[in-house]
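Protein chains in written order, with our numbering: chain B, 1 to 252; chain R, 253 to 598.
We treat Cβ as the ideally placed atom computed from N, Cα and C, and that holds for glycine.
Before any comments, here is the structure.
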Amino acid sequence: MTGSTEPTDRRIGALARFLPVGDTAFAVEFGDRIAPEINALVHRAAAVLAEAAPEGMVETVPSFRSLLVNYDPRATSAATLQRVLGDLDLGETVQGELQRIWRIPVLYGGEAGPDLDAVASATGLSSDEVITRHSGEVYRVYVQGFLPGFAYLGDIVPELDLPRLTTPRVRVPPGSVAIAQRMTGIYPVASPGGWRLLGNTPVRLFDPTQSPPTLFAPGDGVRFVPVDAQSHAAIQRKVAEGAYVPDQEGAA
Amino acid sequence: MTVRLRFTQPGPQTSVQDLGRTGFQAYGVPVCGALDPVALRLANALVGNAETLAALECRLAGPHFTVEGGTARLAVAGADVTIDVTFEGETRRFPAWRAIDVPADASVRVGALSRSGCAVLAVAGGIEVPVVLGSRATDLKGGFGGYQGRPVGSGDVLPVGPTSPHGRCLELPSPPELSASGPLRVVLGPQSEAFTEEGIATFLGSTYRVSRDADRMGMRLDGPPLAFRVSADIVSDGIANGSIQVPGSGLPIVLLADHQTIGGYAKVATVISSDLPAAGRLLPGAELRFTSVSVEEAEVARRTLEDDISRLIASFVPVREAAHVDEAALLTENLISGVVSAWESE
């Protein structure tokens, strides 16, 4: 039968391959690169799987091009779960409009963005041009992970595509807005990190007392809005009081 | 009044842990939880707790604390260690793998761990810190969960959940073998194809040593580097507990309970769930080897481990000396008459 390999077959089994990850998980891999259409399949599969809630499934971890399915080997087996998953239909998965577009205030440069000038000289742009390009795009939330609430946002313009720092910083302050290759992101908590720091936002991205604990969700868009030090400080005070929610574009 | 533990010396890294925080990895929240979940389950069972209650994970050496507010029934599992209980000027020594009733105002000193780098101290009623995102486990890196999101420190007072220990204290007559007798079993993948055949042969054929760079997040290993087909970098994907990632250096890193949710280095294999507790017990300098099994074999091994745990719990017997909750009995029978090992040394 050649029918099962036609692109009209939208079952997970036809769109993805299963990779072994020990006896408590397996990966469902939809491709090998970062692309909105592959990422959309991952998030669609996560939603379909959550809906189906097959026996023994614990949770899934979506990433750029694959979905890690965690299971309880006391309740099921990889082979059983993969049979169930393989038959789940993803239907018409389209890349889709961005759900919400968050406007995230950023204080660029100086202590808030210690790598801004170095990024400028490495790319041959002025610091202002770097800011203009970085804040000139709406980014897609591809995936959250690495740190609680860290969202991988893409894609940044090719002119700003630089490798990670050869020596990562021991401590990146929370709120740091950073770039690496074609991605940008915000460090939600203090952490070691090798991304290049362009600025800082006071916005709180991760709050373990809330459910869900993160501000962003897959399918959201993010635009960075340059602000001055005074506005940054004012927003920081509001965040500390718990009285700040960033604006959304087009919201009433 | 409810029971509390007041810490005078917390030990090198004592943190509140349970079976972990599942359901939030999609938001980047790591699972955390006990490095040795078998020790956690046995310690909880010894004090009559449900296996999901929170306990204290101790690394290298245990804490010193005083019990306040009432009698605490506690047990240490996962390592060999001495537990000194001092009450009204008199000190008695107890071993791990049994429950001990400790009266209010007694002080407890849990000593240096042997045969494992981590142990679990459970208290009847559980360590009652707030539940954050479905768990009481400490996320040390994220700084939340557990006791104020950090290891226990001197002067901290940790609340114990309400319970009334009843019946005699239980002990485990034959504690499980802790030293890994054979190689750690792994399932190859998900990115084993990122390595040359020779690289895989190196991984499965060499002896590695746990480096000093080892913590709850992962253990870097020293030994022969693995050869990549092209490079160590992949498009970041999900990480399971026990995944072994290999950065550009070619040296494997075994990812443990606090591992990040996704990562960008190729993963050569995953330690199977029944061998993960053994990985969690390893100390810097320990030598280890890996052997490859199939997913099906790993699933069978896990069921065998579950049977072993059930059998161990079914084998609990009351300690020979009565250990009633009332203080008179505690003094005369538990603490004063002691157990055999109470007289071992010092």
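Problem set entry | Residue nearest to R/SER406 in terms of C-alpha spacing, selected from R/PHE568, R/PHE259 and R/THR556 | In the second sequence, the residue the question calls residue 406 of chain R occupies position 154. The shortest C-alpha separation from R/SER406 is found at R/PHE259.
Exercise. Rounded to the nearest angstrom, how far is the Cβ of R/CYS284 from that of R/ALA492, given a contact under 8 Å?
Worked result: Taking the first residue of the second sequence as position 1, residue 284 of chain R is located at position 32. Taking the first residue of the second sequence as position 1, residue 492 of chain R is located at position 240. At roughly 14 Å, the Cβ-Cβ gap does not stay under 8 Å, so R/CYS284 and R/ALA492 are not in contact.
Exercise. At a Cβ threshold of 8 Å, is B/GLY145 touching chain R?
Worked result: The residue labelled residue 145 of chain B in the question sits at position 145 within the first sequence. By this cut-off, B/GLY145 is an interface position.
Problem set entry | Residues of the region 456-490 of chain R whose Cβ lies closer than 9 Å to any Cβ of chain D, in chain order | As a matter of chain content, chain D is missing from the structure shown, whose protein chains are B and R.
Problem set entry | Bridge partners - R/PHE317, DSSP secondary structure assignment | Against the second sequence, residue 317 of chain R aligns to sequence position 65. DSSP lists R/PHE259 and R/VAL360 as partners of R/PHE317.
Exercise. At a Cβ cut of 7 Å, what residues of the region 362-384 of chain R count as close to chain B, listed as they run along the chain?
Worked result: Under the 7 Å Cβ criterion, the region 362-384 of chain R contributes VAL384.
Exercise. Shortest alpha-carbon distance to B/MET57 belongs to which of B/ARG65, B/VAL69, B/GLU51 and B/ILE101?
Worked result: Looking up residue 57 of chain B in the first sequence gives position 57. It is B/VAL69 whose Cα lies nearest to the Cα of B/MET57.
Problem set entry | B/ASP161 to B/ARG182 span [Cα, whole Å] | Working through the first sequence from its first residue, we reach residue 161 of chain B at position 161. Working through the first sequence from its first residue, we reach residue 182 of chain B at position 182. Rounded to the nearest angstrom, the gap between the Cα atoms of B/ASP161 and B/ARG182 is 5 Å.
Exercise. Can you give the Cα-Cα distance for B/THR24 and B/PRO73, rounded to whole angstroms?
Worked result: Taking the first residue of the first sequence as position 1, residue 24 of chain B is located at position 24. Taking the first residue of the first sequence as position 1, residue 73 of chain B is located at position 73. Those two C-alpha atoms are separated by around 6 Å.
Exercise. In whole angstroms, what is the alpha-carbon distance linking B/ASP117 and B/GLY175?
Worked result: In the first sequence, counting from the first residue as 1, residue 117 of chain B sits at position 117. In the first sequence, counting from the first residue as 1, residue 175 of chain B sits at position 175. So the alpha carbons of these two residues sit roughly 19 Å apart.
Exercise. What separation, rounded to the nearest whole angstrom, lies between the Cα atoms of R/HIS576 and R/ASP353?
Worked result: Translated into positions along the second sequence, residue 576 of chain R becomes position 324. Translated into positions along the second sequence, residue 353 of chain R becomes position 101. Any reading at R/HIS576 needs caution, since the residue's pLDDT is 40, under 50, leaving its predicted position unreliable; the model's value is listed next. Rounded to whole angstroms, R/HIS576 to R/ASP353 spans 8 Å at the Cα level.
Problem set entry | Classification of B/THR166 by the beta-carbon crowding that lies within 10 angstroms, buried from 16 upward | For the purposes of this step, residue 166 of chain B is taken as residue 166 along the first sequence, with counting starting at 1. By the 10 Å Cβ count, B/THR166 comes out exposed.
Exercise. Is R/GLU423 buried or exposed, if buried means 16 or more other CB atoms sit within 10 Å of its CB?
Worked result: Along the second sequence, one-based indexing puts residue 423 of chain R at 171. Classification of R/GLU423: buried, given that the 10 Å Cβ count is 16 or more.
For this session: Check each candidate in R/ILE524, R/THR390 and R/ALA313 and name the one with the smallest Cα separation from R/VAL333.
Result: Taking the second sequence and counting its residues from 1, the one referred to as residue 333 of chain R is at position 81. That would be R/ALA313, whose Cα lies nearest to the Cα of R/VAL333.
Problem set entry | chain B within 8 Å of R/ALA575, Cβ atoms only | Here residue 575 of chain R is taken as the residue at index 323 of the second sequence, counted from 1. Low per-residue confidence applies at R/ALA575: pLDDT is 44, beneath 50, and the placement is therefore not dependable, though the value from the model is reported in the following sentence. Taking 8 Å as the threshold, the shortest C-beta distance from R/ALA575 to chain B does not fall below it.
Exercise. Taking three-plus beta-carbon pairs below 8 Å as touching, is the region 314-323 of chain R in contact with the region 343-352 of chain R?
Worked result: As far as the Cβ criterion goes, the region 314-323 of chain R does not touch the region 343-352 of chain R, which means the pair count is below three.
Problem set entry | B/ASN70 in three-state terms, based on DSSP | As a working note, residue 70 of chain B is residue 70 in the first sequence. In the structure shown, the three-state DSSP call for B/ASN70 is strand.
Exercise. Whose CA, out of B/GLY109, B/VAL21, B/PRO148 and B/ILE34, lies closest to the CA of B/PHE216?
Worked result: One-based indexing of the first sequence puts residue 216 of chain B at position 216. When only C-alpha atoms are compared, the closest one is B/PRO148.
For this session: Starting from R/ASN296, find everything on chain B with Cβ-Cβ shorter than 8 Å and list it in chain order.
Result: Sequence index remark: in the second sequence, residue 296 of chain R carries index 44 (1-based). Neighbours of R/ASN296 on chain B: none; closest Cβ ~17 Å, over 8 Å.
Problem set entry | B/VAL21: contacting residues in chain R (beta-carbon distance under 7 Å) | Here residue 21 of chain B refers to the residue found at position 21 of the first sequence. Result: GLY441, PRO442, ALA492, SER495 and THR522.
Exercise. Got a sec, what are the start and stop residues for the alpha helix (DSSP H) R/ILE565 sits in?
Worked result: For this step, residue 565 of chain R is matched to residue 313 along the second sequence. Residues 547-566.
Exercise. Using DSSP with H/G/I as helix, E/B as strand and the rest coil, what is B/ASN200?
Worked result: Your numbering for residue 200 of chain B matches position 200 in the first sequence. B/ASN200: strand per DSSP, three-state reduction.
For this session: Could you tell me which of R/LYS519, R/PHE542, R/PRO417 and R/ALA538 sits nearest to R/ARG437, measuring between CA atoms?
Result: Locating residue 437 of chain R in the second sequence gives position 185, counting from the first residue. For the residues R/LYS519, R/PHE542, R/PRO417 and R/ALA538, the minimum Cα distance to R/ARG437 belongs to R/PHE542.
For this session: Run down chain B in chain order and give the residues with a C-beta less than 9 Å from the C-beta of R/ILE452.
Result: For this step, residue 452 of chain R is matched to residue 200 along the second sequence. None at all; the shortest Cβ gap to chain B is about 14 Å.
For this session: Kindly indicate the opening and closing residues of the beta strand (DSSP E) around R/LEU424.
Result: Along the second sequence, one-based indexing puts residue 424 of chain R at 172. No beta strand (DSSP E) contains R/LEU424, which DSSP labels as neither H nor E.
Exercise. In this structure, does DSSP put B/SER231 in helix, strand or coil?
Worked result: Locating residue 231 of chain B in the first sequence gives position 231, counting from the first residue. B/SER231: helix per DSSP, three-state reduction.
Exercise. B/GLY221 and B/ARG100: beta carbons closer than 8 Å?
Worked result: Residue 221 of chain B sits at position 221 when you count from the first residue of the first sequence. Residue 100 of chain B sits at position 100 when you count from the first residue of the first sequence. Cβ atoms of B/GLY221 and B/ARG100: closer than 8 Å.
For this session: In the DSSP assignment, find the unbroken alpha helix (DSSP H) run with B/PRO114 in it and report its ends.
Result: As a position in the first sequence, residue 114 of chain B is number 114, starting the count at 1. Counting along the chain, B/PRO114 falls outside any alpha helix (DSSP H), and DSSP gives it neither H nor E.
For this session: Take B/VAL94 and list the residues in its own chain whose beta-carbon comes closer than 8 Å to its own, dropping the five residues that flank it on each side.
Result: As a position in the first sequence, residue 94 of chain B is number 94, starting the count at 1. Contacts found: ALA40.
Exercise. Mind checking if B/ALA27 is an interface residue toward chain R, Cβ cutoff 8 Å exclusive?
Worked result: The sequence position of residue 27 of chain B within the first sequence is 27, counting from 1. Closer than 8 Å to some Cβ of chain R, the Cβ of B/ALA27 qualifies, so yes.
Problem set entry | Own chain partners of B/PHE224 with C-beta closer than 7 Å, once the 5 adjacent residues on each side are dropped | Reading the first sequence from its first residue, position 224 is the one you call residue 224 of chain B. The residues are ILE104, VAL106, HIS134, SER135 and VAL177.
Exercise. Is any beta-carbon of chain R found at less than 8 Å from that of B/GLY149?
Worked result: Taking the first residue of the first sequence as 1, we reach residue 149 of chain B at position 149. At least one chain R Cβ lies under 8 Å of B/GLY149.
For this session: Work out the CA separation of B/THR184 and B/LEU15 for me, nearest whole Å.
Result: For the purposes of this step, residue 15 of chain B is taken as the residue at position 15 of the first sequence. For the purposes of this step, residue 184 of chain B is taken as the residue at position 184 of the first sequence. Using only the alpha carbons, I get a separation of about 28 Å.
For this session: Along the alpha helix (DSSP H) that carries B/GLU129, what are the first and last residues, could you check?
Result: Here residue 129 of chain B refers to the residue found at position 129 when the first sequence is read from its first residue. Residues 127-134.
For this session: Inspect the beta-carbon positions of R/ALA213 and R/ALA295 and report whether they are closer than 8 Å.
Result: No statement about residue 213 of chain R is possible, as the shown extent of chain R runs from 253 to 598 and does not include it.
Problem set entry | Nearest-angstrom beta carbon gap, R/GLY494 and R/LEU528 [assumed within contact, 8 Å] | The sequence position of residue 528 of chain R within the second sequence is 276, counting from 1. The sequence position of residue 494 of chain R within the second sequence is 242, counting from 1. R/LEU528 to R/GLY494, Cβ: 5 Å. Contact.
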